[in-house]
Amino acid sequence: MALIFTIPLLFLLALIFRLRRKLPYPPGPRGLPFLGNMLMMDQLTHRGLAKLAKRYGGIFHMRMGFLHMVTISNPDMARQVLQVHDNICSNRPVTIAISYLTYDQADMAFAHYGPFWRQMRKLCVMKLFSRKRAESWASVRDEVDSTVRHVATQLGTVVNVGERVFELTMNIIYRAAFGTSTVQGQDEFIKILQEFSKLFGAFNIADFIPNLSWIDPQGLNNRLVKARQSLDKFIDTIIDEHMEKKRIRKLSNVKDDEIETDMVDELVAFYDEQVSVNELDDSQNGIKLNRDNIKAIIMRSRRRCEGTAMGAIVLDLQPGLGLGPFNLGMPICEAFAQIEQRPNIYDVVHVKYFDEEPLKLDIVISFPDHGFHLRFDPWSQRLRLIEIFDVKRLQMRYATSLIGGPSNLATFVAVYALFGPTFPGINDRDRSVYTLFYPGLSFAFPIPSQYSDCCHDGEAELPLEFPDGTTPVACRVSIFDSSTVKKVGVGALMDKASAPPLPAGSLYMEEVHVKLGDELYFAVGGQHIPFGASPQDIWTELGRPCGIHQKQVDQMVIHSALDPRPRTTLCGDYFYNYFTRGLDILFDGQTHKIKKFVLHTNYPGHADFNSYIKCNFVIHVSGSFDETNCKNSITPSTKWEDVKEILGDCGRAAIQTQGSTNNPFGSTFVYGYQNVAFEVMKNGYIATVTLFKS
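In mature numbering (1 follows the signal peptide of the UniProt record, and there is no 0), the protein residues as written are -24 to -1, 1 to 670.
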């Protein structure tokens, strides 16, 4: 009887001892038995992971069922994973659906990094997507002509452009991959692709708790089997047809360079039914593919056709005012707010700036999928110019008419008819571009070299048409403020655009004069905020703060705008945050009097970029508000070398935010003087100024 209890007890002790011998995991949130942290799945967004990183550090561990997950948020650790140990961490995790539908990772996308993956990459570069192969696809342009002719026959009727574009895409890829655009069962294959897409993204409890795979409450196992059987039936027919053609060509002694081949022909050339898994991973045997490899590669290349065709978005065109939600003169932080409100539309956003000299070139927010970008003045950080650089990707609505996009080409005649007559434009012979101007709006048209004489001396008969009866199509549209400049276009004309003037009494970029150790003076509102003022004084002078945060324990950290802690009962020093003024005010937790001011420059490349509007401060070193003495004044444009000439050398700097999980932009340097400290970026520009009273 004692053995019945002794043996399980010994087994349990051995299991515990074995687990304790393993190296510990990084810190992380504690999970439930068996489930782990699966109940937190809805929190695993980039913001949720950032909050967890603040609590557990730059590397933390989570357990999803029996699946262990490690999150990296520290730039130094990310460099180790993505660069130093890239080969070790390059394999993609696979789910049950991915493993089954890719024939046990027989394709290139999910194959483990090794000899087989390198052979597949070589095959793609040298054969499937080589220059010679691209040239052989020139015949697919016939599909475009066929689509255009079909649309032309529907004159006077409604045409579903999205459906036609999707059909065109399918035909082009079929012709490139299979050598024909009339594959039998094409509609059925589209349904297979859509089913694959759903299965790849479906939640399967067995991916996290393998012991529950037999339950299958969602019926995923049956769906996987049916989807793969349907795919096998379709692709096996294609492979057999190409193998039969290969056999016939071999019997007929036809040379390979005398026939037109497709992607499947290239894959079949490396087909070997007897090849084993070990041979596939042996780089000495050359490239060999079995039937499952060919199926998986074809499937991966065809997944680009799944889903529906995406049409161009439509934005309201307002000459001299803006485009859609983006208005000329708006601060850059408001533009980012508009983007965040529409993540499904503006899903790909690029921010470009000159890191070494952020005041030299514009800050540009680009939308490559929609063909336009926003140019912000680097000093005022206000929108000065909107450029549509790919008119075929963006539809613009003017009044009740549409122009631009793939279906409404912005031809010269169409522009002239929509916006009305105007003065002759400017012909830039160096760029072969003719620019037509309207108030707050310009269109640039490319002029072929053979028609350059049509725009002699910068003038032409409008609307512009070439001798062969064609008319140019706009290659660029510029939207600008016409109150200060009349003509903005390409080249040097682009630099003439400026943000519209601020309305009278605007507090944006209000000058904040600083008397060190004494007070701040706001030039527009006329408020004087001295050290020692109370929170009631600040509410009276500046209004309600945008946020209230407790000061963190780390003396080198000001605060976090995403701090989830309650903002009511404050037990220590606390900040009033005025993000719209670029200002933080620190109060003593005991006396409730001002002890510090923090002024932000909002330069791109800093961790706090886009958290504040730029504070236009003027620090008067002389001790008085002498606006005529600019030599002894420090502004956001003053570089650190100039600050040292004014205040003298202060010795070594303290390094701030080095290795921080919240700052992927690198470290900054803090220099202290009497009553003031400067946080300086690596490019020599001031990021923040902290004012205090010694």
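Where a beta carbon is used, it is the ideal one built from N, C-alpha and C, also for glycine.
For this session: Could you say which of 608, 142, 191 lies nearest to residue 492 if we only look at CA atoms?
Result: Closest by C-alpha distance to residue 492, out of 608, 142, 191, is 608.
Exercise. Taking the alpha-carbon positions, what's the residue 34 to residue 517 distance?
Worked result: If I take the Cα positions, the gap works out to 40 Å.
Problem set entry | Residue environment, residue 401, which counts as buried when at least 16 other CB atoms sit within 10 Å | Note on residue 401: 16 or more other CB atoms within 10 angstroms of its CB, so buried under the neighbour-count rule.
Exercise. Start and end of the alpha helix (DSSP H) containing residue 441?
Worked result: Per DSSP, residue 441 is not a residue of any alpha helix (DSSP H), being assigned neither H nor E.
For this session: Ignore the nearest five residues each way along the sequence and tell me which others in residue 461's own chain have a CB closer than 8 Å to its CB.
Result: If the five residues before and after residue 461 are omitted, its C-beta is found closer than 8 Å to the C-beta atoms of 472, 473, 474, all from its own chain and listed in chain order.
Exercise. In terms of residue numbering, what span does the beta strand (DSSP E) encompassing residue 37 cover?
Worked result: From DSSP, the beta strand (DSSP E) with residue 37 extends over 35 to 40.
For this session: Return the chain-ordered ranges of every beta strand (DSSP E) run that is complete within the region 570 to 632 and spans a minimum of 3 residues.
Result: The region 570 to 632 contains, as complete beta strand (DSSP E) runs of 3+ residues, the segments 570 to 576, 592 to 596, 630 to 632 (chain order).
Exercise. For residue 89, which residues of its own chain have a beta-carbon under 8 Å away from its beta-carbon, when the five flanking residues on both sides are left out?
Worked result: So the qualifying residues of the chain are 63, 66, 67.
Exercise. The beta strand (DSSP E) with residue 24 in it runs from where to where?
Worked result: Looking at the DSSP string, residue 24 is not in any beta strand (DSSP E); the run it does join, the alpha helix (DSSP H), is 22 to 32.
Problem set entry | When 266, 209, 220 are compared against residue 96, the one with the closest alpha-carbon | Comparing alpha carbon positions, the residue from 266, 209, 220 closest to residue 96 is 266.
Problem set entry | DSSP three-state assignment for residue 225, whether helix, strand or coil | DSSP places residue 225 in helix when its eight states are reduced to three.
Problem set entry | Alpha-carbon to alpha-carbon, residue 314 and residue 320 | A direct Cα-Cα distance of roughly 12 Å separates residue 320 from residue 314.
For this session: Taking residue 548 as the reference, give the member of 510, 527, 561 with the closest Cα.
Result: Measuring from the Cα of residue 548, the nearest candidate turns out to be 527.
For this session: Check residue 146 in the structure and name its three-state DSSP category.
Result: Looking at residue 146 - three-state DSSP - the assignment turns out to be helix.
Exercise. Would a C-beta distance cut-off of 8 Å place residue 362 and residue 350 closer than the cut-off?
Worked result: Yes, Cβ-Cβ distance for residue 362 and residue 350 is below 8 Å.
Problem set entry | 4-residue-minimum alpha helix (DSSP H) runs that sit fully inside the region 388 to 412, ordered along the chain | The region 388 to 412 contains these whole alpha helix (DSSP H) runs: 388 to 395.
For this session: Could you say which of 659, 3, 624, 642 lies nearest to residue 648 if we only look at CA atoms?
Result: Of the candidates 659, 3, 624, 642, the one whose C-alpha sits nearest the C-alpha of residue 648 is 624.
For this session: Using only alpha-carbon positions, find the residue among 129, 591, 272, 365 that is nearest to residue 79.
Result: Comparing Cα positions, the closest option is 272.
Exercise. What's the C-alpha gap between residue 270 and residue 243?
Worked result: Between residue 270 and residue 243, the C-alpha separation is close to 6 Å.
Exercise. Which value, in whole angstroms, describes the spacing of the CA atoms of residue 512 and residue 326?
Worked result: Computed Cα separation, rounded: 42 Å.
Problem set entry | Close beta carbons around residue 503, own chain, < 6 Å, minus the five adjacent residues each side | 517.
Problem set entry | residue 75 in three-state terms, based on DSSP | In the structure shown, residue 75 sits in a helix (DSSP, three-state: H, G or I).
Exercise. Taking residue 304 as the reference, which of 356, 241, 412, 334 has the closest Cα?
Worked result: Residue 304 has its Cα closest to that of 356, out of 356, 241, 412, 334.
Exercise. Among 205, 373, 627, which has the Cα closest to the Cα of residue 653?
Worked result: Closest by alpha carbon: 627.
Problem set entry | C-alpha gap between residue 287 and residue 422, whole angstroms | For residue 287, the pLDDT reaches just 43, beneath the cut-off of 50, and the residue's location in the model is therefore unreliable, although a value from the coordinates is still provided. Looking at the two C-alpha atoms, the distance is approximately 25 Å.
Problem set entry | Proximity of residue 500 and residue 596 at Cβ, strictly below 8 Å | 8 Å or more divides the Cβ of residue 500 from the Cβ of residue 596.
Problem set entry | Straight-line gap, residue 427 to residue 388 (C-alpha atoms, nearest Å) | Here the alpha carbons of residue 388 and residue 427 stand approximately 15 Å from one another.
Problem set entry | N-terminal and C-terminal residue of the beta strand (DSSP E) that residue 668 is part of | 662 to 668 is the span of the beta strand (DSSP E), which, as asked, contains residue 668.
Exercise. Which residues mark the beginning and the end of the alpha helix (DSSP H) in which residue 312 is found?
Worked result: In the DSSP assignment, residue 312 falls within the unbroken alpha helix (DSSP H) covering 308 to 317.
Problem set entry | C-beta atoms of residue 42 and residue 3 nearer than 8 Å | Taking 8 Å as the Cβ cut-off, residue 42 and residue 3 do not qualify as a contacting pair.
Exercise. Excluding sequence positions up to five away, which residues of its chain have a Cβ less than 7 Å from the Cβ of residue 619?
Worked result: Close CB contacts of residue 619 within its chain, under the 7 Å cut and outside five residues either way in sequence, are with 610, 654 (chain order).
Problem set entry | Range covered by the alpha helix (DSSP H) that runs through residue 87 | It is not in any alpha helix (DSSP H) - residue 87 carries neither H nor E in the DSSP assignment.
Exercise. How is the alpha helix (DSSP H) around residue 511 delimited, first residue to last?
Worked result: Boundaries of the alpha helix (DSSP H) around residue 511: 511 to 518.
Exercise. Are there 16 or more other CB atoms within 10 angstroms of the CB of residue 558, so buried, or fewer, so exposed?
Worked result: Only buried fits residue 558, as 16 or more other CB atoms lie within 10 angstroms of its CB.
For this session: Assign residue 404 to buried or exposed, taking buried as 16 or more other Cβ atoms, counted over all protein chains shown, within 10 Å of its Cβ.
Result: Burial state of residue 404 is buried, judged by a 10 Å Cβ sphere holding 16 or more other Cβ atoms.
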